[in-house]
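Visitor: Handing you this structure, nothing more for now.
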Amino acid sequence: MKIKISAIIPCYNNAEFISNAIRSILKQTVPVDEIIVIDDGSEDNIEHVLKPFTNQISYYRQENSGPSTARNLGIKEASHEWIAFLDADDQWVENKIEQQLHVLSKYPELRLIASDMDEIDSGHQVTSPSVLKQHNLLKQFQVNAGRPVKNALRKLVEKNFIPTGTVLIKRDVLLEVGLFKETIRFAEDLELWCRVAANYPITCLPIVHMHRYRHDNNATSQVSENMLKDLVSVHTLIYQQFAEQLRSHGLNPEQTMAQKWFDLGYWYRKNGEYSKARNAFLKSIQLKPSKTYILNILACFPIFNKLRN
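The numbering used here puts the first residue of the sequence shown at 104, with every later residue one more than the last.
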């Protein structure tokens, strides 16, 4: 029986890129059955850009609410049993779907299949040929060779190895575990993938199936307060749901949470927001006492710095 797939593209002010994203789906050696574009309140005349694809896509527009809300709308509107995601400024390689379905035929118990990706700059030069390799994960997934990942929940908490734009996932799994958290703007995908991995077999293929374009509008390399606060929120949700399961996999969830609070506190301290820094460092100490955390909270008091000097 043929597996039917709905591809979902959330889009916000990506008119200059989305045509290439759609074409990369249309060029698949095994075609998808539906392409859904969710316009997240764009202001760049994207409807005009999409006119040539009128007969090949389903188009929905919503008020600007973020990519999680857009993806969730796409999931709800999807007609088919499997969902694939692609951001409007990225592209799939031509055999992405074919190779993922081949792995699914070998391991039909899988409910989520992700893949490696490369990164390309605005000049179309490859800046990272393998994101898995960049994070020292490529060899382990090459050894795994598409089989369900053991202790996938723990591995995701240690390092998110799932690029959302490579994901192929069973729709009823998404509906069962719950969709993307719409209140979170950064790392919301990690929280969802953890819910999936805690309940179902997943894998990641050591094959580049997506080109991710890094440009001025999507650069996330600069650490921000909101990014770090969202990471705390995401790991808090993971901690609340799966602390015991993570411990059974040999991971100390308190230590992970303490590190996220420390990262936020350090950002506040570096930016001179000492009251917020003290509160964040205190959270990290309460979770996992550490000399480093204690020294940093002391450094937020002017008198301590005077004594040191």
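From the three backbone atoms N, C-alpha and C, an ideal C-beta is built for every residue, glycine too.
State buried or exposed for Gln-194, treating a residue as buried only when at least 16 other CB atoms are found within 10 Å of its CB.
Guide: Along the sequence shown, read from residue 1 onward, the residue named residue 194 stands at position 91. Looking at its Cβ environment, which holds 16 or more other Cβ atoms inside 10 Å, Gln-194 is buried.
Visitor: Is the beta carbon of Pro-211 sitting closer than 7 Å to the one on Pro-251?
Guide: Taking the first residue of the sequence shown as 1, we reach residue 211 at position 108. Taking the first residue of the sequence shown as 1, we reach residue 251 at position 148. Taking 7 Å as the Cβ cut-off, Pro-211 and Pro-251 do not qualify as a contacting pair.
Visitor: From what residue to what residue does the beta strand (DSSP E) around Cys-403 run?
Guide: Numbered from 1 along the sequence shown, position 300 holds the residue referred to as residue 403. Neither: Cys-403 is in no beta strand (DSSP E) and is coded neither H nor E.
Visitor: Taking the runs of the beta strand (DSSP E) that are 3 residues or longer, which of them lie wholly in the region 163-221?
Guide: Counting whole runs of 3 or more residues, the region 163-221 contains the beta strand (DSSP E) stretches 185-188 and 193-195.
Visitor: Report yes or no: do three or more beta-carbon pairs, one from the region 269-284 and one from the region 184-199, lie closer than 8 Å?
Guide: The region 269-284 vs the region 184-199: in contact.
Visitor: Determine whether the beta carbon atoms of Asn-239 and His-352 lie at a separation below 7 Å.
Guide: In the sequence shown, counting from the first residue as 1, residue 239 sits at position 136. In the sequence shown, counting from the first residue as 1, residue 352 sits at position 249. No, the Cβ-Cβ distance between Asn-239 and His-352 is not below 7 Å.
Visitor: Taking Thr-115 and Asn-148 to be in contact with their CB atoms under 8 Å, please state how far apart those CB atoms are, rounded to whole angstroms.
Guide: One-based indexing of the sequence shown puts residue 115 at position 12. One-based indexing of the sequence shown puts residue 148 at position 45. Per the sequence shown, residue 115 should be read as Tyr rather than Thr. The pair is not a contact, with the Cβ atoms about 13 Å apart (cut-off 8 Å).
Visitor: Which of the three DSSP states, helix, strand or coil, is assigned to Ile-388?
Guide: The count along the sequence shown starts at 1 and reaches residue 388 at position 285. Looking at Ile-388 - three-state DSSP - the assignment turns out to be helix.
Visitor: Of all the alpha helix (DSSP H) runs that stay within the bounds of the region 247-283, which reach a length of 4 or more residues?
Guide: As far as the region 247-283 is concerned, its whole alpha helix (DSSP H) runs of at least 4 residues are 255-261 and 274-280.
Visitor: Note the first and the last residue of the continuous beta strand (DSSP E) segment covering Ile-111.
Guide: Position 8 of the sequence shown, counted from the first residue, corresponds to residue 111. Taken as a continuous stretch (DSSP letters only), the beta strand (DSSP E) holding Ile-111 covers 108-114.
Visitor: If you drop the 5 nearest sequence neighbours on each side, which residues of the same chain put their C-beta closer than 7 Å to that of Gly-249?
Guide: Counting from one through the sequence shown, the residue named residue 249 turns up at place 146. Answer for Gly-249: Val-206, Lys-209, Tyr-210, Thr-306 and Leu-308, listed in chain order.
Visitor: State the Cα-Cα distance for the pair His-338 and Ser-161, rounded to the nearest angstrom.
Guide: Within the sequence shown, residue 338 is the residue found at index 235, counting from 1. Within the sequence shown, residue 161 is the residue found at index 58, counting from 1. Straight-line Cα distance between these residues: approximately 35 Å.
Visitor: Can you tell me whether Arg-288 is helix, strand or coil according to DSSP?
Guide: If you number the sequence shown from 1, residue 288 lands on position 185. In this structure, Arg-288 counts as coil in the three-state DSSP scheme.
Visitor: Per DSSP, Gln-316 forms a beta bridge with which residues?
Guide: The count along the sequence shown starts at 1 and reaches residue 316 at position 213. As written in the sequence, residue 316 is Tyr, which differs from the Gln given in the question. According to DSSP, Tyr-316 bridges with Ile-223.
Visitor: Can you give me the C-alpha to C-alpha distance between Val-299 and Ile-186, rounded to a whole angstrom?
Guide: For the purposes of this step, residue 299 is identified with residue 196 of the sequence shown, where counting begins at 1. For the purposes of this step, residue 186 is identified with residue 83 of the sequence shown, where counting begins at 1. Their backbone Cα atoms lie some 14 Å apart in a straight line.
Visitor: Is there contact here, the region 121-140 with the region 173-184, by at least three beta-carbon pairs under 8 Å?
Guide: Contact between the region 121-140 and the region 173-184 is present, because at least three Cβ pairs lie under 8 Å.
Visitor: Check the DSSP bridge columns for Cys-307 and list the partner residues they point to.
Guide: Along the sequence shown, read from residue 1 onward, the residue named residue 307 stands at position 204. Cys-307 pairs with Ala-217.
Visitor: Assign Glu-328 to buried or exposed, taking buried as 16 or more other Cβ atoms, counted over all protein chains shown, within 10 Å of its Cβ.
Guide: Your numbering for residue 328 matches position 225 in the sequence shown. Label assigned to Glu-328: exposed.
Visitor: Return the CA-CA distance between Ala-380 and Ile-397, expressed in angstroms with no decimal places.
Guide: Stepping through the sequence shown from its first residue, residue 380 is reached at position 277. Stepping through the sequence shown from its first residue, residue 397 is reached at position 294. Their Cα atoms are separated by approximately 12 Å.
Visitor: Around the Cβ of His-227, are there at least 16 other Cβ atoms within 10 angstroms (buried) or fewer (exposed)?
Guide: To locate residue 227, count along the sequence shown from 1; it is residue 124. By the 10 Å Cβ count, His-227 comes out exposed.
Visitor: Roughly how many angstroms separate the alpha carbons of Gln-56 and Gln-389, rounded to a whole number?
Guide: Because the chain in this structure spans residues 104 to 412, residue 56 falls outside the shown range and cannot be described.
Visitor: Would you decide whether Gln-399 is buried or exposed? Buried here means 16 or more other CB atoms lie within 10 Å of its CB.
Guide: Indexing the sequence shown from 1 puts residue 399 at position 296. According to the sequence displayed, residue 399 carries Asn and not Gln. Burial call: buried.
Visitor: Grouping DSSP H, G and I as helix and E and B as strand, with all else coil, what is Arg-411?
Guide: Sequence index remark: in the sequence shown, residue 411 carries index 308 (1-based). Confidence at Arg-411 is low in this model, with a pLDDT of 46, below 50, so its placement is unreliable and the value that follows should be read with caution. If DSSP states are grouped into helix, strand and coil, Arg-411 belongs with the helices.
Visitor: Return yes when the Cβ of Asp-333 is within less than 7 Å of the Cβ of Ile-287, no when it is not.
Guide: Translated into positions along the sequence shown, residue 287 becomes position 184. Translated into positions along the sequence shown, residue 333 becomes position 230. Yes, the pair counts as a contact, with Cβ atoms nearer than the cut-off.
Visitor: Please report the straight-line C-alpha distance between Leu-367 and Arg-257, rounded to a whole angstrom.
Guide: Residue 367 sits at position 264 when you count from the first residue of the sequence shown. Residue 257 sits at position 154 when you count from the first residue of the sequence shown. Leu-367 and Arg-257: Cα-Cα distance of roughly 22 Å.
Visitor: Return helix, strand or coil for Val-229, following the three-state DSSP convention.
Guide: Within the sequence shown, the letter at position 126 stands for residue 229. If DSSP states are grouped into helix, strand and coil, Val-229 belongs with the strands.
Visitor: Just how far apart, CA to CA, sit Arg-350 and Val-260?
Guide: Within the sequence shown, the letter at position 247 stands for residue 350. Within the sequence shown, the letter at position 157 stands for residue 260. Cα to Cα, the separation comes out at about 12 Å.
Visitor: Would you decide whether Glu-146 is buried or exposed? Buried here means 16 or more other CB atoms lie within 10 Å of its CB.
Guide: Counted from its first residue, the sequence shown places residue 146 at position 43. Looking at its Cβ environment, which holds fewer than 16 other Cβ atoms inside 10 Å, Glu-146 is exposed.
Visitor: Would a C-beta distance cut-off of 7 Å place Gln-202 and Ile-216 closer than the cut-off?
Guide: Residue numbering aside, residue 202 sits at position 99 when the sequence shown is read from its first letter. Residue numbering aside, residue 216 sits at position 113 when the sequence shown is read from its first letter. No, Cβ-Cβ distance for Gln-202 and Ile-216 is not below 7 Å.
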